[in-house]
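Here the numbering used here runs 1307 ahead of the position in the sequence shown, where the first position is 1. Built from N, CA and C at the ideal position, the CB exists for glycine as well. Since this is a predicted model, take the numbers as computed values, not measurements.
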Amino acid sequence: MSKSSRIAGFYRLSPEERLRLVKEFAGLSDEEVEILRSTGALKLEQANRMIENVVGTAELPLGIAVNFLINGRDYLVPMAIEEPSVVAAASNAARMARERGGFTASSDEPLMIGQVQLTDVGDPLEAKEAILSSKEGILRVANEQDPTLVRLGGGAKGLEVRMLGTDEGEMLVVHLLVDVRDAMGANAVNAMCEAVAPLLEELTGGRAYLRIISNLATSRLARAEAVFAKEVLGGEEVVDGIVKAYALAAADPYRCATHNKGIMNGIVAVALATGNDTRALEAGAHAYAAMGGSYKPLTTWRKTGEGDLWGRIELPLAVGIVGGATASNPVARVCLKILGVKSARELAEVMAAVGLAQNLAALRALVAEGIRRGHMKLHARNLAIMAGATGELIDRVAEQMVKEGRISFDRAREVLEGLLRGG
Ligand code: MEV
């Protein structure tokens, strides 16, 4: 009889009871069950309070990226990631940035956007007017949801109304702009959107459907920039190569996706270490990269007048240092202590710097590989000429030596003789 995944009341069981069922279903050994059962800092019972149907915890290596100097302050940066080389690459790029003073980073106020979708609005223009003229009242209702946030200086601060033509007719979308202080903010913003929806319906005669945060946090951007000295990078040729690599990403979405993926290697690793929502960050970053109508790199690279490399990153970074998993996961709490950040904005600035560093490291490695190959080919051609090759034989001898990985004068002579004998 085939096994069924229909298990009524699975959620009501304890993690141990669920483990027993999963063990049976999948034929796990005692050792395999033991692997699932949390052995780390995040205990099974804590994990069970974080999500549903818990049977264990899944671990990732946690590394520390060193050398980060951001706005004149030194940081050790915890990164949780399964991919080798990411932590080393970030540390390496951060070391190179120190030569010219490290990273300069900045960020916007922690303003998140909450959306309320209004359909079946009779006269959209009139409805828009009605909403805008009741702005103060709407913000008051929103702020009643979170007195603590308001006490901390946050809360709903602004309101925008957009008219959108959609496949289902014209709609209004109301944006609540909420200062979420040191939280990621989804819970506060969602609660406010839900609270103001009936009032918006009343004001417009429309119907409120979606009431939810937008992950495209364009009012919560973080930026970082740095100059990398050409000598530290490996010469002006490397600088030129990185600028060319960037040009490709700017012109081609196929390359750009990988370019931005490399950036997110760093940012997501810090987000995971600090208990932040990595999917929200990915969604925001890639949507922001496509804001202009085509998908673009999140970084910019240019050669300076001195021949050094200047780079800049800008992206929405909706991260928190209070609430959510940042509070419930003990590993995240320790990671935040290692970072020593005092605000969500400071965390976003560190993450922007890590993203820029990660991109630099990836581009440098990729470019250097190309340069190495280029040099090898050039060297092989010179040897072929020295060995007596002329015309198209030069390239044929060189290519064979590069392919074999045997580049020497003797080998050039052998290959040339072989080709000449072969006709
Ligand atoms: C691999 O995880 C990330 C890279 O592919 C990024 C890039 O190509 O820029 C190395």
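Q: Determine, using beta-carbon pairs with one atom in the stretch 1410 to 1423 and one in the stretch 1486 to 1495, whether at least three such pairs fall under 8 Å.
A: Touching, yes, given that three or more Cβ pairs across the two stretches are closer than 8 Å.
Q) If you count every other CB in all the chains shown that lies within 10 Å of the CB of Ala1749, and 16 or more means buried, which is it? A) With the chain running from 1308 to 1730 in the structure shown, residue 1749 is simply not present.
Q) With 16 other CB atoms within 10 Å as the buried threshold, where does Ser1398 fall? A) Ser1398 sits buried, since 16 or more C-beta atoms from the chains shown fall within 10 Å of its C-beta.
Q: Under 6 Å Cβ to Cβ from Gly1600, same chain only, skipping five residues before and after it: list those, please.
A: Excluding residues within five positions, none has a Cβ falling inside 6 Å.
Q) Helix or strand or just coil, what does DSSP make of Asp1486? A) In this structure, Asp1486 counts as strand in the three-state DSSP scheme.
**Q.** Proximal residues to Leu1622 (C-beta, below 6 Å), its chain only, five neighbours per side dropped
**A.** Here the set comprises Ala1592, Tyr1595 and Leu1605.
Q: Confirm, please, whether the CB-CB distance from Leu1483 to Leu1459 is below 7 Å.
A: No, these two residues do not count as a Cβ contact at 7 Å.
Q | Span of the beta strand (DSSP E), counted from its first residue to its last, around Leu1622 | A | For Leu1622, the enclosing beta strand (DSSP E) begins and ends at Leu1616 to Pro1623.
**Q.** Which of helix, strand or coil DSSP assigns to Glu1477
**A.** If DSSP states are grouped into helix, strand and coil, Glu1477 belongs with the strands.
**Q.** Rounded distance between the beta-carbons of Val1722 and Thr1611, thought under 8 Å
**A.** Not a contact, Cβ separation roughly 43 Å.
Q. Taking DSSP as the reference, what is the three-state secondary structure of Arg1313?
A. In the three-state reduction of the DSSP assignment, Arg1313 falls in the coil class, being assigned neither a helical nor a strand state.
Q | Minimum C-alpha distance to Cys1500 - residue among Ala1660, Ser1521 and Thr1511 | A | Cys1500 has its Cα closest to that of Ser1521, out of Ala1660, Ser1521 and Thr1511.
(Q) Helix, strand or coil, according to DSSP, for Pro1385 in the structure here? (A) In the three-state reduction of the DSSP assignment, Pro1385 falls in the strand class.
Q. Should Asn1572 be listed as close to the ligand MEV, given that the test is whether its C-beta is under 6 Å from any heavy atom?
A. Yes - the ligand MEV has a heavy atom lying nearer than 6 Å to the Cβ of Asn1572.
Q | Opposing strand residues paired with Ala1463 [DSSP bridges] | A | Looking at the DSSP assignment, Ala1463 forms a beta bridge with Val1485.
Q: Find the nearest neighbour of Ala1365 within the set Leu1376, Arg1344 and Asp1381, judged by alpha-carbon distance.
A: Considering only alpha carbons, the answer is Arg1344.
Q.
So, for Lys1442: in the same chain, excluding its five sequence neighbours on each side, which residues have a beta-carbon less than 7 Å away from its beta-carbon?
A. Excluding positions up to five away in sequence, the list reads Leu1466.
Q.
With a threshold of 8 Å, are at least 3 pairs of Cβ atoms found where one atom belongs to the stretch 1574 to 1581 and the other to the stretch 1638 to 1651?
A. As far as the Cβ criterion goes, the stretch 1574 to 1581 touches the stretch 1638 to 1651, which means the pair count is three or higher.
Q | Cβ-heavy atom distance, Thr1346 to the ligand MEV, below 6 Å | A | Not under cutoff, so the answer is no.
Q) Going by other Cβ atoms of all chains shown within 10 Å of its Cβ, with 16 needed for buried, is Asn1360 buried or exposed? A) With fewer than 16 neighbouring CB atoms inside 10 Å of its own CB, Asn1360 falls in the exposed class.
Q) Buried or exposed: where does Lys1435 fall if 16 or more other Cβ atoms within 10 Å of its Cβ makes it buried? A) Buried, by the Cβ-count rule.
Q) Closer than 6 Å: is that where the CB of Thr1565 sits relative to any heavy atom of the ligand SAM? A) In the structure shown, the ligand SAM is absent; the only ligands present are the ligand MEV.
Q. Does the stretch 1543 to 1557 come within contact of the stretch 1647 to 1657, defined as at least 3 CB pairs closer than 8 Å?
A. The answer is no - the stretch 1647 to 1657 does not touch the stretch 1543 to 1557, with fewer than three Cβ pairs under 8 Å.
Q: Using only the heavy atoms of the ligand MEV, determine whether one of them is closer than 6 Å to the beta carbon of Gly1569.
A: Flag set: Cβ of Gly1569 near the ligand MEV.
Q: Using alpha carbons as the reference points, say which of Lys1644, Lys1684, Asp1717 and Gly1569 lies closest to Arg1671.
A: That would be Gly1569, whose Cα lies nearest to the Cα of Arg1671.
Q: Identify whether Tyr1553 lies in helix, strand or coil by the three-state DSSP scheme.
A: Secondary structure of Tyr1553 (DSSP, three-state): helix.
Q.
the ligand MEV and Ala1397: does any heavy atom of the ligand fall closer than 6 Å to the residue's C-beta?
A. Because no heavy atom of the ligand MEV lies under 6 Å away, the Cβ of Ala1397 does not count as near it: no.
Q) According to DSSP, what are the bridge partners of Phe1375? A) Paired residue(s): Tyr1382.
Q: May I ask you to check if the CB of Ala1596 is nearer than 6 Å to at least one heavy atom of the ligand MEV?
A: No, the Cβ of Ala1596 stays beyond 6 Å of every heavy atom of the ligand MEV.
**Q.** Alpha-carbon spacing of Ile1678 relative to Gln1665, whole angstroms
**A.** Cα to Cα, Ile1678 sits roughly 20 Å from Gln1665.
Q) Looking at C-beta atoms only, is the number of pairs between the stretch 1561 to 1575 and the stretch 1383 to 1395 that lie closer than 8 Å three or more? A) These segments touch.
Q. Applying the criterion that 16 or more other CB atoms from any shown protein chain within 10 Å of the CB defines a buried residue, is Pro1505 buried or exposed?
A. Exposed.
Q.
For Thr1346, report the span of its alpha helix (DSSP H) as first-last.
A. Taken as a continuous stretch (DSSP letters only), Thr1346 belongs to no alpha helix (DSSP H), as it is neither H nor E.
Q: Would you check if the stretch 1679 to 1690 and the stretch 1701 to 1709 touch, i.e. whether three or more CB-CB distances between them fall below 8 Å?
A: Segment contact: the stretch 1701 to 1709 against the stretch 1679 to 1690, three or more CB-CB distances shorter than 8 Å; contact assigned.
Q: Could you give the DSSP three-state label for Met1357: helix, strand or coil?
A: In this structure, Met1357 counts as helix in the three-state DSSP scheme.
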